[in-house]
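FYI, the numbering for the sequence shown is 4 to 360, going by the numbering used here. So the structure is just underneath, and the comments pick up after that.
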Amino acid sequence: MTADNLSALRQAIDDIDDHILDLLNQRASVVVEVGKAKAGQSKDFYVPSRERAIYERLTAANPGPFPSEAIRKVFREIISASLSLEQPMKVAFLGPQGTFTHAAAMQQFGFSAQLMPQKSIPAIFEEVARGRAPYGVVPVENSTEGVVSHTLDMFMESELKINAEIMLGISHFLMSRSGRMTDIKKVVSHPQPLAQCRKWLEENLPDVPLVDVGSTALAAQMALEDESFGAIASEMAATLYGLQVVKERIEDNPNNFTRFLVIGTNTPERSGRDKTSLMFNIKDQPGILYRMLEPFSKREINLSKIESRPMKKKAWEYIFFLDIEGHIDDEPITAAVTELRDYCQFLKVLGSYPRAR
Numbered sequence: 004m005t006a007d008n009l010s011a012l013r014q015a016i017d018d019i020d021d022h023i024l025d026l027l028n029q030r031a032s033v034v035v036e037v038g039k040a041k042a043g044q045s046k047d048f049y050v051p052s053r054e055r056a057i058y059e060r061l062t063a064a065n066p067g068p069f070p071s072e073a074i075r076k077v078f079r080e081i082i083s084a085s086l087s088l089e090q091p092m093k094v095a096f097l098g099p100q101g102t103f104t105h106a107a108a109m110q111q112f113g114f115s116a117q118l119m120p121q122k123s124i125p126a127i128f129e130e131v132a133r134g135r136a137p138y139g140v141v142p143v144e145n146s147t148e149g150v151v152s153h154t155l156d157m158f159m160e161s162e163l164k165i166n167a168e169i170m171l172g173i174s175h176f177l178m179s180r181s182g183r184m185t186d187i188k189k190v191v192s193h194p195q196p197l198a199q200c201r202k203w204l205e206e207n208l209p210d211v212p213l214v215d216v217g218s219t220a221l222a223a224q225m226a227l228e229d230e231s232f233g234a235i236a237s238e239m240a241a242t243l244y245g246l247q248v249v250k251e252r253i254e255d256n257p258n259n260f261t262r263f264l265v266i267g268t269n270t271p272e273r274s275g276r277d278k279t280s281l282m283f284n285i286k287d288q289p290g291i292l293y294r295m296l297e298p299f300s301k302r303e304i305n306l307s308k309i310e311s312r313p314m315k316k317k318a319w320e321y322i323f324f325l326d327i328e329g330h331i332d333d334e335p336i337t338a339a340v341t342e343l344r345d346y347c348q349f350l351k352v353l354g355s356y357p358r359a360r
């Protein structure tokens with residue numbers, strides 16, 4: 004390839020980039036008008052079902068060679084920047100920066116969102132309930148370690164709704180100031196990552212004490228301050244806190260995912276691939292567990308999860324959490340939930356929202 008040919012190709016790229024920039028600003032102008040229309044109708048400006056439809060339509064229409072898996076990432080940031088034109092997108096998450104909840108919030112809302120770290124799950128619910136942040140992101144379960152009980156317990160007290168769910172692949176990185184395993188005298192992390200990496204730690208650092216701390220980000224901060232500490236945290240945490248990666252992807256189960264929930268004050272509209280979450284307490288009588296599930300079974304409604312938690316105010320009584328495939332406004336689900344109410348002391352619909360990919 005001659006220098007003239009290369010120069011011509013680079014000029015073609017510059018011309019295309021200029022055209023993309025012009026189109027982005029045209030899109031932004033339309034978004035501003037959409038924001039004005041929503042404000043006049045008191046409609047939510049964040050609509051998860053609309054975002055999903057955009058991603059799926061563009062991925063299906065993509066002829067290549069631009070990779071389809073990159074389309075969502077590119078348009079995630081375009082949508083994030085566009086939403087910031089309508090109004091600042093404030094999102095509370097379980098901080099500090101560098102936690103997996105931080106990564107989940109960024110995946111869902113993009114870099115243009117104003118992400119607000121909180122010290123606890125109750126604090127996230129409080130920020131959203133008081134209107135200081137329209138949305139919050141909380142962890143609810145891990146594919147290896149199970150449910151996050153604090154999140155389920157908060158739904159017993161809160162009237163907030165689930166607006167969306169996020170699935171985040173979890174990879175754990177061992178990091179330190181020096182990047183040398185021989186320098187590590189203690190390994191610090193949140194209890195869940197320590198449990199998820201236990202086999203690797205026993206094989207590679209069998210005599211090194213393990214120390215529980217409040218978050219993976221706090222562990223990274225501690226490793227930054229003391230070179231004898233090795234932290235188990237996300238790759239993002241290593242970048243944020245300027246640490247060296249000692250060993251990457253040390254989780255015992257490579258198929259490791261955490262599910263997060265986006266909480267807000269409203270229930271989003273149908274997306275076509277929805278999930279509904281319920282919370283209820285059943286009356287104690289013979290055969291009640293069978294009758295609790297029968298309304299869904301006879302309508303062939305798929306239950307994707309059932310979980311129980313003890314009631315704090317009554318010994319030996321339990322709250323059940325149920326995830327159903329479909330939207331609460333779907334007629335079979337509405338009928339099944341109405342029938343279930345007859346067996347319950349109370350029942351609360353926690354939300355209907357788009358299922359994560």
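Note that CB positions come from ideal geometry on N, CA and C, so glycine has one too. Note that this is a predicted model, so its numbers are computed, not measured.
Quiz item: Taking just the CA atoms, how far does R30 sit from V139?
Solution: Start at 1 with the first residue of the sequence shown, and residue 139 comes out as number 136. Start at 1 with the first residue of the sequence shown, and residue 30 comes out as number 27. In the sequence under discussion, the amino acid at residue 139 is Gly, which differs from the Val named in the question. Their backbone Cα atoms lie some 27 angstroms apart in a straight line.
Quiz item: Taking DSSP as the reference, what is the three-state secondary structure of D5?
Solution: Translated into positions along the sequence shown, residue 5 becomes position 2. Checking the sequence, you will find Thr at residue 5 rather than Asp. Collapsing the DSSP output to three states places T5 in coil.
Quiz item: Between V150 and A11, what straight-line distance do the alpha-carbon atoms span, to the nearest angstrom?
Solution: The count along the sequence shown starts at 1 and reaches residue 150 at position 147. The count along the sequence shown starts at 1 and reaches residue 11 at position 8. Each residue's alpha carbon lies about 56 angstroms from the other.
Practice problem: For A223, I'd like the list of residues in its chain whose CB is within less than 8 angstroms of its CB, leaving aside the five on either flank, ordered along the chain. | Solution: Residue numbering aside, residue 223 sits at position 220 when the sequence shown is read from its first letter. Take A223, set aside five residues on each side of it, and the residues of its chain with a beta-carbon closer than 8 angstroms to its own are G101, M178, A234, A236, A240, A241, L243, Y244, L246, in chain order.
Quiz prompt | Span of the alpha helix (DSSP H) around P51 | solution = Here residue 51 corresponds to residue number 48 of the sequence shown, with the count starting at 1. Looking at the DSSP string, the run of the alpha helix (DSSP H) that includes P51 is 51–64.
Exercise. Entirely within the segment 133–160 and at least 4 residues each: give me those alpha helix (DSSP H) ranges in chain order.
Key: Listed in chain order, they are 152–160.
Self-check item: Beta carbon of I165 nearer than 8 angstroms to that of S307
Solution: Counting from 1 along the sequence shown, the entry for residue 165 is found at position 162. Counting from 1 along the sequence shown, the entry for residue 307 is found at position 304. Contact flag unset, no.
Practice problem: Sort H105, Q288, R133 by Cα distance to L221 and report the nearest one. | Solution: As a first step, residue 221 is located in the sequence shown; it is residue number 218 there, counting from the start. Out of H105, Q288, R133, the CA that lies nearest to the CA of L221 is found in H105.
Quiz item: Going by the beta-carbon positions, is the gap between I322 and N284 smaller than 8 angstroms?
Solution: Locating residue 322 in the sequence shown gives position 319, where the first residue counts as 1. Locating residue 284 in the sequence shown gives position 281, where the first residue counts as 1. A contact, by the Cβ cut-off of 8 angstroms.
Quiz item: For A108, which of R358, R262, E297 has the nearest alpha-carbon?
Solution: Looking up residue 108 in the sequence shown gives position 105. Among R358, R262, E297, the Cα nearest to that of A108 is on R262.
Self-check item: Cα-Cα separation between D21 and R13, rounded to whole angstroms
Solution: Walking along the sequence shown from the start, residue 21 turns up at place 18. Walking along the sequence shown from the start, residue 13 turns up at place 10. Their Cα atoms are separated by approximately 12 angstroms.
Quiz item: Roughly how many angstroms separate the alpha carbons of M225 and G329, rounded to a whole number?
Solution: In the sequence shown, counting from the first residue as 1, residue 225 sits at position 222. In the sequence shown, counting from the first residue as 1, residue 329 sits at position 326. Taking the straight line from one Cα to the other gives about 44 angstroms.
Quiz item: Got a sec, what are the start and stop residues for the beta strand (DSSP E) A95 sits in?
Solution: Taking the first residue of the sequence shown as 1, we reach residue 95 at position 92. Its beta strand (DSSP E) spans residues 93–97.
Quiz item: Which residues in the same chain as R312 place their Cβ atom closer than 6 angstroms to its Cβ, once the five residues preceding and following it in sequence are excluded?
Solution: Mapped onto the sequence shown, residue 312 falls at position 309. So the qualifying residues of the chain are L155, I322.
Practice problem: Determine the contact status of D287 and W203, defining contact as a CB-CB distance below 8 angstroms. | Solution: Working through the sequence shown from its first residue, we reach residue 287 at position 284. Working through the sequence shown from its first residue, we reach residue 203 at position 200. Taking the C-beta atoms as reference points, W203 is found no nearer than 8 angstroms to D287.
Quiz item: Helix, strand or coil: which one does DSSP assign to G233?
Solution: Residue numbering aside, residue 233 sits at position 230 when the sequence shown is read from its first letter. The answer is strand: DSSP assigns G233 an E or B state.
Quiz item: What first and last residue would you give for the alpha helix (DSSP H) that runs through M314?
Solution: The residue you call residue 314 lines up with position 311 of the sequence shown. It is not in any alpha helix (DSSP H) - M314 carries neither H nor E in the DSSP assignment.
Quiz item: Straight-line CA distance for F114 to I82?
Solution: Walking along the sequence shown from the start, residue 114 turns up at place 111. Walking along the sequence shown from the start, residue 82 turns up at place 79. Roughly 10 angstroms separates the two Cα atoms.
Quiz prompt | F163 and F103 closer than 8 angstroms at C-beta | solution = As a first step, residue 163 must be located in the sequence shown, where it is residue number 160. As a first step, residue 103 must be located in the sequence shown, where it is residue number 100. Looking at the sequence provided, one finds Leu at residue 163 rather than Phe. No, the pair does not count as a contact, with Cβ atoms beyond the cut-off.
Quiz item: Can you find at least 3 beta carbon pairs, one from the segment 262–273 and one from the segment 51–63, that sit closer than 8 angstroms?
Solution: Short answer: they touch.
Exercise. If I'm right that A15 touches E168 with Cβ under 8 angstroms, what's the distance once you round it to whole angstroms?
Key: Within the sequence shown, numbered from 1, the residue matching residue 15 stands at position 12. Within the sequence shown, numbered from 1, the residue matching residue 168 stands at position 165. Distance from A15 to E168 at the Cβ level is roughly 42 angstroms; contact not present, criterion being Cβ atoms closer than 8 angstroms.
Exercise. Report the residue ranges of all alpha helix (DSSP H) runs contained in full by the segment 272–356; include only those spanning at least 4 residues, in chain order.
Key: Those alpha helix (DSSP H) runs which fall completely within the segment 272–356 and span 4+ residues are 291–300, 334–344.
Self-check item: Residue range of the beta strand (DSSP E) that includes I169
Solution: Residue mapping note: residue 169 aligns to position 166 of the sequence shown, counting from 1. Looking at the DSSP string, the run of the beta strand (DSSP E) that includes I169 is 164–172.
Exercise. Could you tell me whether the segment 287–297 touches the segment 64–76, using the rule of 3 or more Cβ pairs below 8 angstroms?
Key: Short answer: they don't touch.
Quiz item: Taking just the CA atoms, how far does A6 sit from R252?
Solution: Here residue 252 refers to the residue found at position 249 of the sequence shown. Here residue 6 refers to the residue found at position 3 of the sequence shown. One C-alpha to the other measures close to 43 angstroms.
Self-check item: With 16 other Cβ atoms within 10 Å as the buried cut-off, status of D215
Solution: As a position in the sequence shown, residue 215 is number 212, starting the count at 1. Exposed, because fewer than 16 other Cβ atoms sit within 10 Å of the Cβ of D215.
Self-check item: Run of the beta strand (DSSP E) containing F114, from where it starts to where it stops
Solution: Locating residue 114 in the sequence shown gives position 111, counting from the first residue. Counting along the chain, F114 falls outside any beta strand (DSSP E), and DSSP gives it neither H nor E.
Exercise. Grab me the residues of E238's own chain with a C-beta within less than 6 angstroms of its C-beta, minus the 5 sequence neighbours each way, in chain order.
Key: Here residue 238 is taken as the residue at index 235 of the sequence shown, counted from 1. Excluding five sequence positions before and after E238, the CB atoms of its chain that fall closer than 6 angstroms to its own CB belong to F176, given in chain order.
Quiz item: Who are G267's beta bridge partners in DSSP?
Solution: Position 264 of the sequence shown, counting from 1, holds the residue named residue 267. Bridge partners of G267: K164.
Quiz item: For D17, does the three-state DSSP call read helix, strand or coil?
Solution: Counted from its first residue, the sequence shown places residue 17 at position 14. In this structure, DSSP gives D17 a helical state, which the three-state scheme calls helix.
Practice problem: Let me know if S85 comes out buried or exposed under the rule of 16 or more other beta-carbons within 10 Å of its beta-carbon. | Solution: As a position in the sequence shown, residue 85 is number 82, starting the count at 1. Here S85 is buried: its Cβ has 16 or more other Cβ atoms, across all protein chains shown, within 10 Å.
Self-check item: Of the listed residues A116, P66, P357, nearest to F96 (C-alpha basis)
Solution: The residue you call residue 96 lines up with position 93 of the sequence shown. Cα-wise, what sits closest to F96 is A116.
Quiz prompt | Where the alpha helix (DSSP H) through V77 begins and ends | solution = For the purposes of this step, residue 77 is identified with residue 74 of the sequence shown, where counting begins at 1. Counting along the chain, the alpha helix (DSSP H) containing V77 begins and ends at 71–89.
Self-check item: Inter-residue CB distance, F260 and S146 (contact presumed, cutoff 8 angstroms)
Solution: To locate residue 260, count along the sequence shown from 1; it is residue 257. To locate residue 146, count along the sequence shown from 1; it is residue 143. So it is a contact: roughly 5 angstroms between Cβ atoms.
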